[in-house]
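Here the structure comes first, spelled out in structure tokens, and everything after it is commentary.
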Amino acid sequence: MSWAPPAKRLRENNEKLPDEPFHWRKNQRQDAWRAKENEFLLEQAKRRASIRAAQCRARPIDLLVLNLLWASGESIDEEDEASLEIDLPPPDEIVDGMSDAAELSKDVQFFIDSETDRESLAYWREILALSRDRTGNAPARVDASISSEIDAMFAHKSPKELSDLDRSIRAKLNSGEPLDVEYWEAVLRRIVMWKSRGTLRRVHEKALERRFSRLQKAQLEEGRRQQEDLRGIETDKDAKTGSVWTDDMEPETRDATKLSYDERRLKVVTLSEFRDKLVAERKRVLAAAFVPRTARMSSSGVSDSSSNTFADQMYRRESERPLEVEEEAFDGAVFISDTYQWSERYRPRKPKCINRVNTGYEWNRYNQTHYDQDNPPPRVVQGYRFNIFYPDLIDPTKAPTYKLIREPPESGHGDTVVLRFSAGPPYEDVAFRIVDRPWEHSQRRGFRCVFERGVLQLYFNFKRLRYRK
Numbered sequence: 388m389s390w391a392p393p394a395k396r397l398r399e400n401n402e403k404l405p406d407e408p409f410h411w412r413k414n415q416r417q418d419a420w421r422a423k424e425n426e427f428l429l430e431q432a433k434r435r436a437s438i439r440a441a442q443c444r445a446r447p448i449d450l451l452v453l454n455l456l457w458a459s460g461e462s463i464d465e466e467d468e469a470s471l472e473i474d475l476p477p478p479d480e481i482v483d484g485m486s487d488a489a490e491l492s493k494d495v496q497f498f499i500d501s502e503t504d505r506e507s508l509a510y511w512r513e514i515l516a517l518s519r520d521r522t523g524n525a526p527a528r529v530d531a532s533i534s535s536e537i538d539a540m541f542a543h544k545s546p547k548e549l550s551d552l553d554r555s556i557r558a559k560l561n562s563g564e565p566l567d568v569e570y571w572e573a574v575l576r577r578i579v580m581w582k583s584r585g586t587l588r589r590v591h592e593k594a595l596e597r598r599f600s601r602l603q604k605a606q607l608e609e610g611r612r613q614q615e616d617l618r619g620i621e622t623d624k625d626a627k628t629g630s631v632w633t634d635d636m637e638p639e640t641r642d643a644t645k646l647s648y649d650e651r652r653l654k655v656v657t658l659s660e661f662r663d664k665l666v667a668e669r670k671r672v673l674a675a676a677f678v679p680r681t682a683r684m685s686s687s688g689v690s691d692s693s694s695n696t697f698a699d700q701m702y703r704r705e706s707e708r709p710l711e712v713e714e715e716a717f718d719g720a721v722f723i724s725d726t727y728q729w730s731e732r733y734r735p736r737k738p739k740c741i742n743r744v745n746t747g748y749e750w751n752r753y754n755q756t757h758y759d760q761d762n763p764p765p766r767v768v769q770g771y772r773f774n775i776f777y778p779d780l781i782d783p784t785k786a787p788t789y790k791l792i793r794e795p796p797e798s799g800h801g802d803t804v805v806l807r808f809s810a811g812p813p814y815e816d817v818a819f820r821i822v823d824r825p826w827e828h829s830q831r832r833g834f835r836c837v838f839e840r841g842v843l844q845l846y847f848n849f850k851r852l853r854y855r856k
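One gets the numbering used here by counting positions in the sequence shown from 1 and adding 387 to each.
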């Protein structure tokens, strides 16, 4: 073994040691890069959720993200008003309505791994706990009947009441008394779940408050822009001089028989009545604290929603088709005061309808004896044609249904029945009062019941009355 001076050996040993400050700085830079990468991926995930929601193709995880974005006050595009138009359900209802909880848990886990904000992290953990409880992945799950009884107890408890119950049950379990430990531990787990639901509901309420505030602000700005446009129009009118009324400006008279279905249903008003109504409407708008938004119009003046779908084409064709000699527009609608379980998730709306009633003469033996062509008998209802439009059904594979409802004799409607149509979300039921007579169910005699591409057609005629001596 060769000998070396102590100073030389010390220098050689120091050269073999790693440069600790260098490696420490390198690890720090890598940690910073990872943090920036996670922040970028998280921001992109939130942005994708906003874009999908604006394009009306939001997934459940996107709605959960939007709840958090609005509640936390994070920056959402000022120009992106489309997210204000969609319904935003509470987070716990979104979790309850999920069919694939495994996919939801995977998406939620990404946010748990990426989030650094404490409140946001707590939000996603509550979501994950609810998802696992719903799918049965929570530990020591009790019988469903017992669980439903426990849920019924806690459904309307306040957060303070739930916390008090939690403390009292834990004290009871720690007291050493003879108890059904499994039951009370299950109760504790349900308390935790209901506290989670309460937390998520408060997040949703905060999100709704901020959405409402943003909507008011947007409407105020839109109102100011419209006022400026109106001032410009008034200025242009004042600048014009010498406008003279000529015969060419008189509106063209139209044949009443060529009016469309919608035009025939319009109420006839005089010019003075129209002006009075217009003034009253303007005063109402000026006095209103909040003016609901109208449907956005495209540059061509046509609503963006009126696309060239089969239902739209059918509606235009039916509304523009002139009435036959024996047809009349029919609007015997009956008010329905039902509430729907899905009304919190989807905004209920009435479907468009174009209905006609067929009338004619019944030349039975009695009428042939007592009437003739110059003195015809009274017209009677011979059938109906219902065209009801459901272009936006959530489940278009499920056809709408109809049923006849007969009212008790004391109601005073013994000669009529209520024909009720049901389709499902987002459409409310509609009902019409029709004559109570037997239907012809033969296609050769005009019966038609078809649901095709969002349009329900129900056409039927009544059986002919037979006069007996």
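Note that CB positions come from ideal geometry on N, CA and C, so glycine has one too. Quick caveat: nothing in here was measured; it's all calculated off a predicted structure.
Pull up the distance between the alpha-carbon of A436 and that of P476, whole angstroms please.
15 Å
Whole-angstrom distance between V805 and E713, CA atom to CA atom
23 Å
When DSSP labels each residue in this structure, what does V655 get in the three-state scheme?
coil
Contact between the stretch 803-820 and the stretch 730-738: three or more CB pairs below 8 Å?
yes
Euclidean distance between Cα positions of R512 and N774:
49 Å
For A698, count the other beta carbons within 10 Å of its own beta carbon; 16 or more makes it buried, fewer makes it exposed. Which is it?
buried
Give me the residue from R736, V767, S583 with the minimum Cα distance to K547.
S583
Return helix, strand or coil for Q844, following the three-state DSSP convention.
strand
Within 8 Å, do at least three Cβ pairs link the stretch 583-600 to the stretch 551-566?
no
Applying the 10 Å Cβ sphere with the 16-neighbour rule, what's the burial state of L566?
exposed
Output yes or no for whether 8 Å exceeds the beta carbon distance between P738 and F776.
yes
Between L517 and T746, what straight-line distance do the alpha-carbon atoms span, to the nearest angstrom?
59 Å
With 16 other Cβ atoms within 10 Å as the buried cut-off, status of A458
buried
Tell me, which residues are paired with C836 by DSSP?
L845
Consult DSSP for R554 and reduce its assignment to one of helix, strand or coil.
helix
Give me the residue from F838, L508, T657, K493 with the minimum Cα distance to R519.
K493
Spatial distance of F849 from G799 (CA atoms)
22 Å
One or two residues paired with E714 in a DSSP bridge
N745
With C-beta atoms as the reference, is P447 less than 8 Å away from L491?
yes
Compute the Euclidean distance between the alpha carbons of D479 and N454, then round it to the nearest angstrom.
11 Å
So V744 and Y771 are in contact, right, with Cβ under 8 Å, and what is the actual spacing, rounded?
5 Å
Can the beta-carbon of S501 be found closer than 8 Å to that of N425?
yes
From R766 to R831, what does the alpha carbon distance come to, in whole angstroms?
23 Å
Which of the three DSSP states is assigned to G610 in this structure?
helix
Buried or exposed: which applies to Y570, given that a residue is buried once 16 or more other Cβ atoms fall within 10 Å of its Cβ?
exposed
Taking the straight line between their C-alpha atoms, what separation do you get for V579 and D823?
57 Å
So, is A445 buried or exposed, given that buried needs 16 or more other C-beta atoms within 10 angstroms?
buried
Output yes or no for whether 8 Å exceeds the beta carbon distance between P764 and Y789.
no
Reference T784; option with closest CA among L843, G610, R669:
L843
Hey, would you say S817 sits closer than 8 Å to A667, going by beta carbons?
Ser is not the amino acid found at residue 817; the sequence shown has Val there. No. Outside cutoff.
Less than 8 Å between the beta carbons of R521 and V482, yes or no?
yes
Just curious, the alpha helix (DSSP H) that S459 is in, first and last residue?
447-459
Out of curiosity, what's the CA-to-CA distance linking L560 and E572?
9 Å
Selection from L665, P787, K654, D474 that minimises the alpha carbon distance to C443
D474
Which residue comes first and which comes last in the alpha helix (DSSP H) that contains Q369?
The chain is shown from 388 up to 856; residue 369 falls before or after that span and cannot be answered.
So for Q769, helix, strand or coil by DSSP?
strand
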